[in-house]
Amino acid sequence: MTKAQKILLVVGILGIAFGGFVLAKYLTRNVRKIRGGTVTLQTYDAPPSEEPLSE
Amino acid sequence: MGKYTTLAIKVPDVNRSFAQGNYKYSSPEVIKGNKAIMDSVYKNFGTFINTWGIEFEIDDSIIIGFISTESGGKNAPPNQFDATGLMQMTPNTVWEVLSKWKTIVGSPLSNKATSFFNKEIPSSKNYNPNVLPTTAVKNEIRLALQKNPEFNIAIGTANLRWLLEAFKSGNTADINKVMVSYNAGYYAMRNKVKGNITTEQIINNKSFPLESRGYLLKMLGVNGFLDLWFKK
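Chains as they are written, first to last, in the numbering used here: chain F, 22 to 76; chain H, 178 to 409.
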C-alpha cells in the first residue's frame, strides 16, 4: 500500500466516524438524558386543544 | 447503569393543554405563574430534591413537577384526604411505601434512606406489611410530613420510585401510570392501567377520575409543568 493510499484510508475512516457521529446526533436531537432515563421533547404541527375535560 | 428501572418520557405527551373554565395553562399569565412556582420550589427545596433524586434515581425536573402540581410549593396542612405538605403524601401511603418497599421494588432501601426514615419516624423500624398502621403510627407520620419538608420530599420521591417499579414493563417504566396512581391511589388504579395505555387514552377515558386526567395534563400536556421546565 502506497503512502497516498494509507492517507486516503485514514481520511476515509475518520470521515465515516465523523459522519456517524453527526447522524447519531441528528437522530437523537430531541432526546435529552436526565437522571434515571431520557426525555424526548416533542413538537406538534397543530395548535394544542384547550377543551376542558368533562366527567 | 443504575439499580432501578429506566424512565423514558415524552414531553409534551399529548397535544392538549389543561383548561378549566377561563383558567388555561396556555395563557401567558398562567405560564408565568407556573414558571415562578417551579423556580420557587427549586430555590427553596433544590438541595433536598437533588439529594433524594440522586438516592432514588429520579430527575429533579420530575420531582419539581410533582411538587408544583401537588401543592404549588406550599407546605400545606393535611386536607380532607389526609394529604400533607409539599408532595401531598398521606400517612397510609408512607406506611405502604416503607412496609412494602422490598416486595414492590425488589431490593432493600439503602442504609442512608433507612436511617433517615427511622430517624424521622421511629416507628418505621417495626412496620409490618400484614398489620395496618395504628392511629399513633399515622399521627407520627402526619406530624413528620407537616413539620419536615425534607422528609416530605424524601418519602414523596421514594413513592415515585416505588410506583415506577410497580408499573415497569420490561426495562422501562411508564410515567403516565405513575402520575395517575400518585393522584388516585395505587390500589384504585393498578388494574385500570394494565398493559399498554397512552396518556391520550387515559385523558379521554372517562372511567378515570376527572382530577387524575387533569393531573396528567398539568404535568404532561402542552405548557404543563414538565413542558415548561424542558422548554427553558
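Where a beta carbon is used, it is the ideal one built from N, C-alpha and C, also for glycine.
Values in this document were obtained by computation on a predicted structure and should not be read as measured data.
Under 9 Å by beta carbon: chain F residues contacting residue i
| i | result |
| --- | --- |
| GLU234(H) | ARG56, GLY57 and GLY58 |
| TYR181(H) | GLY57 |
Within 7 Å, strictly: CB atoms of residue i and residue j
| i | j | result |
| --- | --- | --- |
| VAL274(H) | ALA321(H) | no |
| SER389(H) | ALA343(H) | no |
| ASP351(H) | PRO189(H) | no |
| VAL191(H) | GLY398(H) | yes |
| ASN353(H) | THR376(H) | yes |
| PHE407(H) | GLY242(H) | no |
| VAL314(H) | SER300(H) | yes |
| LEU393(H) | THR182(H) | no |
| SER203(H) | SER194(H) | yes |
Bridge partners - residue i, DSSP secondary structure assignment
| i | result |
| --- | --- |
| ARG53(F) | VAL60(F) |
| TYR200(H) | GLN197(H) |
| THR183(H) | THR349(H) |
Partner residues on chain F for residue i, Cβ-Cβ distance less than 7 Å
| i | result |
| --- | --- |
| GLN378(H) | Within 7 Å Cβ-Cβ: nothing; GLN378(H) doesn't reach chain F, min ~14 Å. |
| LYS201(H) | GLU71 |
| SER238(H) | ILE55 |
Own chain residues within Cβ distance below 7 Å of residue i, not counting five before or after
| i | result |
| --- | --- |
| LEU230(H) | The question names Leu, yet the displayed sequence has Gly at residue 230(H). Once the five neighbours on either side are set aside, the close Cβ partners of GLY230(H) are ASP236, ASP237, ILE240 and THR334. |
| THR270(H) | ASN336 |
| ALA185(H) | THR349 |
Neighbourhood of residue i by C-beta, 6 Å cutoff - its chain only, sequence neighbours within 5 removed
| i | result |
| --- | --- |
| GLY249(H) | ILE214 |
| LEU62(F) | ASN51 |
| ASN221(H) | none |
Own chain, CB closer than 8 Å to residue i, minus 5 neighbours either side, in chain order
| i | result |
| --- | --- |
| GLY179(H) | GLU234 |
| SER384(H) | LYS369 |
| MET266(H) | ALA260, LEU322, ASN329, ILE332, GLY333 and ASN336 |
| SER245(H) | ASN211, ILE214, MET215, VAL218 and PHE402 |
Contact list for residue i against chain H, beta-carbon separation under 8 Å
| i | result |
| --- | --- |
| ALA45(F) | Chain H residues near ALA45(F): none, gap ~18 Å exceeds 8 Å. |
| THR61(F) | ALA185, ILE186, LYS187 and VAL188 |
CB contact check: residue i to chain C, cutoff 7 Å
| i | result |
| --- | --- |
| ALA185(H) | Looking at the structure shown, chain C is missing, and the protein chains on hand are F and H. |
Under 7 Å by beta carbon: chain H residues contacting residue i
| i | result |
| --- | --- |
| ALA67(F) | ASN192 |
| LEU48(F) | Correct list: empty, because the minimum Cβ distance to chain H is about 15 Å. |
Inset, instruction - Mind listing, in chain order, the continuous alpha helix (DSSP H) runs of no fewer than 4 residues lying wholly within the region 249-309 of chain H? - result: The region 249-309 of chain H contains these whole alpha helix (DSSP H) runs: 268-276, 278-282 and 288-297.
Legend entry - Segments assigned alpha helix (DSSP H), at least 4 residues, entirely inside the region 348-375 of chain H: If we require 4 residues or more, the alpha helix (DSSP H) runs fully inside the region 348-375 of chain H come out as 352-361 and 363-366.
Legend entry - alpha helix (DSSP H) runs contained entirely in the region 203-246 of chain H, provided each spans 4 or more residues: Along the length of the region 203-246 of chain H, whole alpha helix (DSSP H) runs at least 4 residues long occupy 205-232, reported in chain order.
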